[in-house]
Every structure is written in structure tokens, then in C-alpha cells.
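Residue numbers (UniProt numbering), protein chains in the order written: chain Y, 1 to 788; chain R, 1 to 788. Positions of the beta carbon are idealized from the N, C-alpha and C atoms, including for glycine. Since the model is a prediction, treat every value here as computed from it, not as a measurement. Inspection log for the structure reproduced underneath, given as C-alpha cells.
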């Protein structure tokens, strides 16, 4: 970028490359050194580490057996509740969409039958506009966090990143209502992503006992006082979301395991399995009720499962090459899709950040554009005569079915309208249907594929809940079926199967999951004999696409600026020691500290953890006692139990406090240091921090490589990692590593800022050969060995 | 136990409660303090930690890009090879079993047709005996490690425990051949467990480049020089084993994930998925060939999949209560099965350890007993008239089919013989079959269930490869079908479905898996609509059974004495600090150490890791430099590059060594200190250990709770964890924690041995309230708080 460019243009260009979220808040660029969520942006890390202080130990010892049983029981009860509520929400969501969109299509179709085409377009586009507008307005004004799919946010949360407001009650309500109206408005958006966010939201709200902001809390539910338990519940919630969206209980568990969760234990696998089993059983019962026709337009065509393939499939070696080609195409298209979507999101961000009016205007334009396409394109297709052996009425009477009449004369149907002038679920069902090999024309398929591909890219970024699964499945199924049509009689597989494999390849190319996508597709189509082919397609499309870029959710997460911690260490991390990246003025507390000092440091820094050091005369030499959390310090200050002289009080301290005081109650609404007013007299008093300090924090030695420290930090799920010196006669602690210190942006900034001064004896191969390219650190020149 | 009992009886009683493996080796009881595999028993831990010494860093830096690509390529290539070989082995296994057992049944059936019953029994029982004898002899004489299912061994391996000989070439061959002959000999043993062991074995051999014992190694395969890469390959191998045994590729991945693996990353998920996809595709192709009848008796009835349910299933709320009952029964029977099997194994161990002849004699008696039962019991059943609307010939002509003639007159069939005088696969297929609701009598089902239940328990422990999956499925299916028969017309589900649900409940009750069993059953029966019911059954049976005892593989693993490291910390671990359990005389090395000292310490201790401490005059005060491995010390001694004076040599040391010298090449055959002969002159020289010492080992402070240290030890996968003192003016290292220090047996022994002396300020609530019961630490009396 040249320096002569006008500043505005400069900024615009920049905003296409830097993270979206940090761009919105100018503060974020000031310092990358700070702890996540400290002086920079409102993102915080979670505390998964056991804070092993004397107070906690004492509390743990006094816990009765009944409390432990209660705890286990509550965990299972909450999983049951999550499953039950998510399945109800998923059911209502489908019911509402099928009825709202269904009435819209019935009304317009009736007008078309009466040849009142202008009126039909007006009703169609106006109802779409109103629905989109409603979704956009509630999202923009009530809860902007509900926009988009929500999967990146949940994924970041499960990695330990607390983005503000993603799990509030209003986000939940906006997500549910907004998703229903957005999907009903014929926008090419899905409902699976929003269902995952909804599930996670329900789990989080249940886990913290309700919405504390609105005082809607239940005492008996306020049981989980730490981030670990809530993380487990949210994992189960996201599994339940996919289970409800696709009626795929096993797929849901695997999705949560493969894509969402950063930490996983087999106990959690079992609980997630229980949750999705509840979803599956309740959904099964609810659909049984609807089969008898009590749910309006739902129930006839509106079953969630595309139960297309109960017949036997036979395929042979000759069918393998086209399937391989499909995989390659899926990989290329999928990575193209991801990169275009990323670009469009960044352009949209320029519009969205101007003002709320722009946001809503953008949503409305997309809605009008979509309506025009959906209503206009079918006129391009020629009418087809109805087949004589059609298994259903032709042209279709009522709402769903393979043969839409649209503008055609009686006895003819419009094949493009069957796909495009329909709900997405019905379009998928038509594409997947077997024994309909001559139903669609090739030109229809191409038009439909191009429309879906680009429409889904431009529709995702608007200010409304919008999933990606269904658009990706529709798009993939369309080119899959097109390839099946091209092959014609050269293949044993029918075109419906090619549509399924196409959907699999595009899902694999865009979302890059393996086992979970495989199981979700199997559960959607109910045919296990396809398994080897689907596995092959997924493997190839993922491999091809991985050569170009990352998975779509990771790209969105990066664009939003979430500091996601990867499991694997980048190669350059092996060349750096933790001593190279740890920096900043370190704020320490003494074991017995003046209240005024504590208040001052808490007010002037935004760190969330502070080392506690005992110095002479309280110990022979300076020793590291442990780590104390900001939240615990604030709890101490709030109680105002101060000492007049600097002496250790030990266990006496406990009687003033209950475990409740130190519990982390939920998201948001934490006490702030600014809210605590202390008199000058109190500020001259002392606090004994020992009983409340985590006396056994995890530590690493400063010469450890960053890669090895990352293993500890990521596997154990830490928020703060203390760095201790190699040589014992220095200060007992060198610094604190936090999530940000493992981010490539921070490491490079650090390198450029401090030059060679950080070099230690063992690692002096820094700065020179690396640069930041698209969020990844790459080598500029061959690595040279510079051991001094 | 009274002290007056005669010593022999005493010992017998003891051997029913203590681990089998340690019982065999009297050495094992001497010390629990040692590092795993040190002076105690031949079990070793693996090194998964990155040994970050200067030499390693130097080697890593000089690694070219091409080597990294080669590494990645080799990983995928090996996964492909594993998949290909395992699927071939699985296919051959099935082919051989179907043909050997098939010929046996055809010959006996023909004799029965000619009413030569005595001769038939003789041929039947003799062929069974010969096959069993063959399996027992090769197992006992060539590779005793091949006995049993092998799943516990593989599970322990993946947890980091190296049992001797489990992955050698001879174990592989004995496992494959022995499994074929044991299954063909009509013993009630399965082939899935041996397939998992086979898959793991193939993966391990490929990972170390062949069998080093027999010199069958390929240079280009010898690529993986560390335990981590081999662990990943073995995980993929065990997934491939299940995939090949049940033709369940997704189930295989999930089985490896849920039951086998202790460490898991999404990259590994993807590679395991690739491996099982290869298995699925190759098996599909091989079975295609067999369908045209080129594989002898295989291919007609011998498909691996019980493809019983392609038809639609409908069920309603009324069907739920019997399914719940089934789940509860499965849980109770499953836990009973586990505890009986454990008891029988311990009794068998008393016989087996006497001598090899006893072992083989036991196997032969079981074979004869089985033959008598299988041939004798059908005579108890009355002959049934053939149904008029039977979908297949009645009585069955040839080998497989629902209606066995046995001793019955023409037009009649023996329903018990259809189940019992048949291969296990065919029995399962008959039990799962639909539209055969009147085929079996209730008494037949009860006889069959009781026979299977007890026969499978007594058959598992013999000295031959023997799996548990198939016996458990047969047994579960039999009582499931019995309950379906009891309900008769009160249910919408047919009896075949009840058999499937019964098998699910017994699997859940015995093996305690959830998602993987669910997917395996779905892939076996090819019907996704059953999913909610199967999930329900599995959840209930696992919950019920977990109230009684542990999963069958864990029980066997415990009986074999493998020090398996659990993920979760037991409650009492929170009450102990690492300082309480760490003990033993600590062996240190100095940064520059006399060769004689090194040889002496290596010879007199059996530790595998030693702290290296720099002391004045080489540093100002004693500081912990790092940790050096025994294997690396031996490599140093072998090279004989010693120093005449105690000075640091730094990077000069590297030119004498290549990475090859320090690579861990594979299982077994490690260099021993006893093999290195040094002259007295050499022993007076010095070695600079600094460049070869892992300078950044993970450390914990002595006041950390054992629970918290376990999190680090287990999550990161350590072998040695250094404990450092809280106060800096003491020795720089307190001790080393190893796997054994986290075992309940060791902790309690430690507590009783040292009394209260271990108490530190923060944790003095030890010893009193706990005791060891059945391998678990339990509270004797309510916990008292004893804070001093």
C-alpha cells in the first residue's frame, strides 16, 4: 500500500484485511500485550484452572456427600432440560417456517393459477421484505450478537473466549424469532447454525440459572459456579442444536466433538449423547403427532429428514471415477466459496459499521434482490410436459412436490420453479429424489447452481440470523445432480444419489469436517450403503480445499478477531522461548498488601491475574507464593475485612467469607473495581492475600520453547501461565503468559518492537526470517542458524 | 483372612484379588515407588514429551522443508497401508472361518442326514478339538501375548503403557491364525477383539519399519522415531480393526475415539477416518468379487453385515416401556457378566500359571465341553413343523439358513439347532431376522441364552485369541428375542428388532460405550430409524451397569496389572499434595558428570529419567538444569566421546552424534547399560550432559494437589514430572512423579508406610480415612478436617 493514498481509502483497504471486531473498536489496536479482554476489547478468557487456594480447599473439605450427589444429579437434569427445550424450539421453528413460508407459496401459487402474475410478485416480494425487515430490525436494535450463524461465536466460547452478549436472553429470543422470519422470507439462509447457537444459548442460560440481567433466575438452578461446568453444558447444547436441526442425534454429538469443542472427555461424550437422545426421542414423539395432520402445513412435506433412500443401492468400480471428480470439484468450489464469503463479509462490514440504517437497508436490498431472482428466473425455463408415470400429481397441487406449475399451461410443469420457487428444504428433497432422472433440464441445474452459490454468499452477512448448512447443501446438491445428468446412462447411480454426493463434497470443501458430516448426511438420507462413497467424497474434497484456505467457521472467527487457540504449535513457535514473548511491566502483589496499592493497581491495569510474592521480612528470600485473580481481589475488597497491621491471619479469614462470594456466577455483570468506594483510612489498612491466592499455579521455565508451553496452556486450558526464571537468584517470576501471547499477531509485533534485545543464550534465531501473511506467520527466507 | 490358615490356601485366596500380571512376577511386589518398568516388572511408560535439549533443537533447525513433507506424506501412506492390510486380513479371516467352519457343518449335517449320529458327533468334536488345540499350542508356545481379546493391551498401550511383546510379529501371526482356528472350532469366542489387536499390531510394525527382531525391516519405512507418532498409528490401526470386523467404518473411528484412545486431536480423527474409509472401500470391492460365488462357502451367508432391516419400522409410545425394561435387564446382566468373567479369569490364572500343559489341557476341556453342549442340547428341543410360508427352504439344505434339520424327520426343523449348531454369525443373523416370529420356541430361547451366557464366560480365558463382541451380541440378542416373544402381540415391533435391542442392551451393560456402540449397531443392521430406541437402551443399560462395576476391558486391564492412568482425579487426590506422594532416594546428575558415576547409577537404579543439577562452581547456587533420559545417557556412553577435564563443550558435542543415535526406534530391543563395557580409565573421564538434557521439563511445585498435578500429567501425556520446592533455598528439586505415583495402590502403600511424617502445613488429612477396596480408594469414616 503506498503512502500517497488518501487516508480514507487507506483505511478502507486496511479494513479488508484486519479483523472485523477489532476494527469496530479503535481501542483494540493500542496494545496486543495485554491479557485478553483487558485494556483492549471486551473479550475475556475463561478460568478453567482449579484455583487451589486455602479457602477453596477448606470449602471442598467441608462439602458433604449429599452435595456431590446433588451436583451430579443437577448435571444430568440440566442435560435433560437442554435436550427437551432445544427439541421443542427446533420443532416450533420448523413448524413456524413451514406454515409461514407455506402460506406465502400457497397464496402466490393460487394467484399464479388465476394468471395474476403482477399481483403474485407483489405479494411474494412484499411478504419477503416484511419478514426480512422484521428479522433485521430485531437483530439490529435488540441483539446484534444474534446476527449470522453463531457457530463461530460458540466455537470461540468453547475455546475459552468470552465474547460479550452472545448468550444473553435477548440474543436467544432474537435468534429464534429472527431465524424463523429470515428463513420464511425465502432468503437463502439456513436454520442449522442458528439452532446450534440457540442450543448453546439455552444451555448457558440454564447453567447460570436464568437471565440475571432481567432477574429471571431460579435459585435451584444456580448451581454451577465455574466456567468448566458451563463449558460442558454449552457443548451439550450445541450438540442438541444440530440434533434438532437435522434430526441427527449421533451427527450432533460428533459435530460438537469434531468442530465445536476444544476440550473433550469421555464423560462429556456420554452426557452429550444423552442430550441428543432426549432430542431425538422428543422430536420423534412430536412428529408422530404431526403425522396425523394437526400441524397445518407442517407434517406433509415438512419432515426434517430427507428420507429419500430406503431402497438398496448398488454401485461398482466404474462409479468411482465420477465420484472422485465430484470430490475434487467440491474441494475447489468449497474453498472458493469460503474465500468469497470472507471477502463479502469484509465489504459488508464497511457498510454495516456506518449506521444501523445502512445495515437494515442492506438486508432489505438483499431481500428484494432475492425475490426478483426467485420470481424472475423461472420464466427463463421452458415448460416441460408432465411425465406419464409420475409418482405424484403433476403439476403439483398445493405447496410441496416435484412438479411446480408456475406459469405453465395445464399438463406442464416448470422444473426451475420446482427448485427455486420453493422452500430450501423442499428444493433439497426434490434434488435428492430418486426415479426422477428426466425431471430436470441441464440448463435449469446450471441456473439454479449459480443462483444458489452467489445468493448464499451475499445473504449470509446481513444483519439477521443466518445459517450456512442448508445453503451449502442446496448448492452442492445442484452441481452434484448436474454431474449425474451429464453422465446419464454411463453410471449405475441415479441422479438423486449424485445430488447427495454433491452436497457431501461441497460440505466437505466448505466446512472441512469428516466423521460428523458423514454421519449427518447418513442420518439425513437414511442410507448406510452409501457410506464408502460419502467417505471418499469427503476425504477428497477436504484434502483439496485444505490446500487453499481454512474452514469457513475459522475464517469468520478470524475475521471477527476472536483469539482462538489452536491445538498444534506452528513451526516458528519451536524456535522461540517463552522468555522471548513474555513482556510488559509485571504487576506484583505482596503476600500482605496495602489496600490502597491493590485498588491502585486494579484501577490502573486491566490484568485478570497477578503473581503474589513473599519478600523479606516475611520470608528469607523473595519467593513466588502464587497467583491471585482480579475477581477474587474485588470480592475481598467488597467485604472490607481489612487488617490494621501487616500480619498473617490464616484460617481466621475464612469465617468472613462463604464460597458464594468467590463463585463466578455467569456471563457478564461482574463486579467492577470502579464500583467499590473505600475511605482513605481503609486504604491505609492491609489485606492478607495468602488464603485466597492460588498457591500452586502452573509454571514454566523461561527457556521452554513456546511450542511446548502452548501444549501445556492449551491441553490443560489455562488463562494465566506463570513464567519462572531459570536461575534462582533473580526475581522469582519473570512474567505471565496469556492467550494473546500465543497469537501470531502478538508474537510478531513483539519481535519487531523489541528487536534483538530479547535474545537469550539458547534462542537467537528470531525476527529475521518471519512475517505475517493473512494471519499466519510465514518464513521469508531460509532459516539460518544463529547460535551464539 | 485369618493368620491360622495354611499358607497355600492363603496364597490362593490372595491371587483372587491381586492383579494377575504382578502375581506372576514376584518382583513386582517389592517396590511401587519405582518408575514404571524400572526395578519391578517389565512394563514401561512411553515418552510423549518433547525432549527439548540443545541437540534436538539443533537437529530440528537443520531439518529441510522436504523432510517435513516427507514426514506428512509417510503418515498418510502408512495410514493407507494399515487400512489396506487390515481389510485384507479381515477379509481372509472371514473367508477362512466361513470355509473351515462351513465344511465342518456341511460334513456333520450330511452324516446326520444319513442318521449316523455317533459318527457325526465324533467328527464334530474331534475337528473342534484339533482346531482348539492348534490355536492353544501356537498361542502358548509362540506368543502368549496373543491370548484373549487384546483390546485391554491396546488400550493400555494407547494410555502410555508398554507391555512386553504385545506388538511383535509373532504375536501378529499367532493372533490371526489362532483367531481363525479358535472361531472355526465352534468355541463361543469372537473375532472383533482379535481384529482390533491385529490392526494395532500391523500399525505398530509398520510404524517401526517392520520386525526388528527378525531383521525384517524396510529402510524407507523406518521413519517414525518417537512414541507419539507410533501411538497415532496404533490408534488408526485399532479403528481399522473394528471397521474390518464389523464393516463399520464410522463405528471403528468412534470406537477408537471413545474406548481406546487416551489422547485425541482432530487431525488424528481425520487420519483415522481416512484409514477406515480405505478399509470400507477395499472390503466393499472384495465382497463384490465374492458375491459372484468365487469364495467357496463365503459370500452366500458369510457377509459380515447383518443387513436385516431395510424395511420401514414403525413404533409408538406403547413400545417404550418394554424397551426400558430391556435396558434395565441388559444393565444388570451386563454387570453380572463382567464380574463373573473377572472371577473366572482369576481362577483360570491359578491353573494357567502352573505350567503350559495345564493351559492347553484347560483349552481342550473347554472345547470338548462346548462340543458336547452344542451337539447335545438340540436333542432336548422338540421338532417343529416347517411353516408353509417360509421365505427359504425348510429344513435348510446346505450350511446356513433359519431352519436346521438336525435329527428331525423331513418337513420338520430343530429350532435350537438353528441357533446353537451353527456359526455365531449365522446364529445372530437368525435371531435378528424379521418375519420369523413363530420360528423359535420360548424354551429354546432360554436354553440358548443360558448356554451362551455361561459358555462365553468360560471360553474367554483360555490360551487362544478370543474376542468378546460376538458372544455378547449373541447372548444379548437371545434374551432380547425372548422378551419380544413374551410380549407377543402386545407390541408393534417384531422379534428381530427385540433381538437387536437386546444385543444393544447387553453390549451397553458390558462394554459401557455409547456413541460408538450405537453407530456400530446401526452399521451392522443398516437401519437408522431404530436410532432413538437404540440410544435409549444404551443409556439405560450403561447407567444401570455403572452402578455395579466397571467396563469389561477396564476390569481385565486391572486384573492384568496395567497402570492405566484415568482422566479424572479421585476425590482423595484433592486432599493430597504431590509432596505427600513423591519419595524414594532421588538420584541426581551434575551438569558435568564423571562417567563412572553415570555407569554406577544406571546400573544400581532402574529409573528412566534423572534430574540434572548445576552446582557451584559451575553456577552461583544449585540450580535445576533439566531432565535427562536413561536412553540418551546410554547413547552417550555408547559413543565414548568423553572429556578429560570437567568443562562445558557446548555445540562441539553435536558433531559426534546424529539424530539417529537418540531416536527411539521401536518396541523392545533397547540398548542396556549392562552391554556397555568401559575401561577404568574411561570411567575417570567426564561427560558434559548439558547439550543432551531436556532443559525445559514440566515442573510442579510441591504444594500442588495431586489432583491438579494429575491434570497436567495426564493431559500433556508425561512420563516424568519434576517436583520443585516451594522455598528457593532448598535443593532445587524435590523428586520425580511418574505414572505409578498416581496409582491408588502406591498412594496408600506410601501413606501407611510413612505415617504422618509426610504432613505439610497445607495438607494433613491423610491416611486416616481411606483404605483400598478392590483397587479403589474408599473412605472408611467421614472425613475430618485436621488443619493445623
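Beta-carbon within less than 8 Å of residue i's beta-carbon, same chain only, minus the 5 sequence neighbours each way: which residues are those?
| i | result |
| --- | --- |
| residue 258 (chain Y) | 513, 514, 515 and 516 |
| residue 695 (chain R) | 52, 53, 54, 625 and 626 |
| residue 38 (chain R) | For residue 38 (chain R), the predicted model reports a pLDDT of 29, less than 50, meaning its position is unreliable; a value from the coordinates is still stated below. Closer than 8 Å at Cβ, skipping near neighbours: 605, 606, 607 and 608. |
For residue i, list the residues DSSP reports as bridge partners.
| i | result |
| --- | --- |
| residue 342 (chain R) | None; residue 342 (chain R) has no bridge partner. |
| residue 705 (chain R) | R:577 |
| residue 736 (chain R) | R:722 |
| residue 699 (chain R) | Y:699 and R:722 |
| residue 162 (chain R) | R:44 |
| residue 217 (chain Y) | Y:210 |
| residue 802 (chain Y) | No answer is possible for residue 802 (chain Y): it lies beyond the span of chain Y, which begins at 1 and ends at 788. |
| residue 686 (chain R) | R:594 and R:643 |
| residue 465 (chain Y) | Y:148 |
| residue 694 (chain Y) | Y:627 |
| residue 293 (chain R) | None, per the DSSP bridge assignment. |
Less than 9 Å between the beta carbons of residue i and residue j, yes or no?
| i | j | result |
| --- | --- | --- |
| residue 276 (chain R) | residue 239 (chain R) | yes |
| residue 330 (chain R) | residue 541 (chain R) | yes |
| residue 532 (chain Y) | residue 284 (chain R) | yes |
| residue 386 (chain Y) | residue 395 (chain Y) | yes |
| residue 594 (chain R) | residue 685 (chain R) | yes |
| residue 639 (chain Y) | residue 671 (chain Y) | no |
| residue 362 (chain Y) | residue 462 (chain Y) | yes |
| residue 716 (chain R) | residue 711 (chain Y) | yes |
| residue 109 (chain R) | residue 405 (chain R) | yes |
| residue 288 (chain Y) | residue 316 (chain R) | yes |
Please list, in chain order, all residues of the same chain as residue i whose beta carbon is under 7 Å from its beta carbon, the five residues on each side excluded.
| i | result |
| --- | --- |
| residue 201 (chain Y) | 167, 171, 172 and 175 |
| residue 181 (chain Y) | 131, 134 and 135 |
| residue 636 (chain Y) | 687 and 692 |
What does a CB cutoff of less than 6 Å around residue i pick up in its chain, not counting 5 residues either side in sequence?
| i | result |
| --- | --- |
| residue 424 (chain R) | 470 and 474 |
| residue 250 (chain R) | 519 |
| residue 254 (chain R) | 515, 516 and 519 |
| residue 646 (chain R) | 592 and 686 |
| residue 472 (chain R) | 506, 507 and 510 |
| residue 600 (chain R) | none |
| residue 248 (chain Y) | 520 and 523 |
> Can you list the alpha helix (DSSP H) stretches of 4 or more residues lying completely in the region 516-576 of chain R, in chain order?
Replying inline: 531-546 and 552-560
> Mind pulling the beta strand (DSSP E) runs of 3 or more residues that sit fully within the region 377-442 of chain R?
Replying inline: Counting only runs of 3 or more, we get nothing.
>> Residues of the region 345-364 of chain R in Cβ contact with chain Y at a cutoff of 7 Å, in chain order, please.
In response: none
>> At a CB distance below 8 Å, what residues from the region 142-158 of chain Y approach chain R? Give them in sequence order.
In response: none
>> Which complete beta strand (DSSP E) runs does the region 593-667 of chain Y hold, if anything under 3 residues is left out?
In response: Counting only runs of 3 or more, we get 609-614 and 623-629.
> What residues in the region 620-638 of chain R have a beta carbon less than 7 Å from any beta carbon of chain Y?
Replying inline: 620, 621 and 623
>> Give me the subset of the region 278-292 of chain R whose CB atoms are less than 8 Å from a CB atom of chain Y, sorted by chain position.
In response: Cβ contacts with chain Y come from 280, 281, 284, 285 and 288.
> What alpha helix (DSSP H) runs, 4 residues minimum, are completely inside the region 69-148 of chain Y?
Replying inline: 117-141
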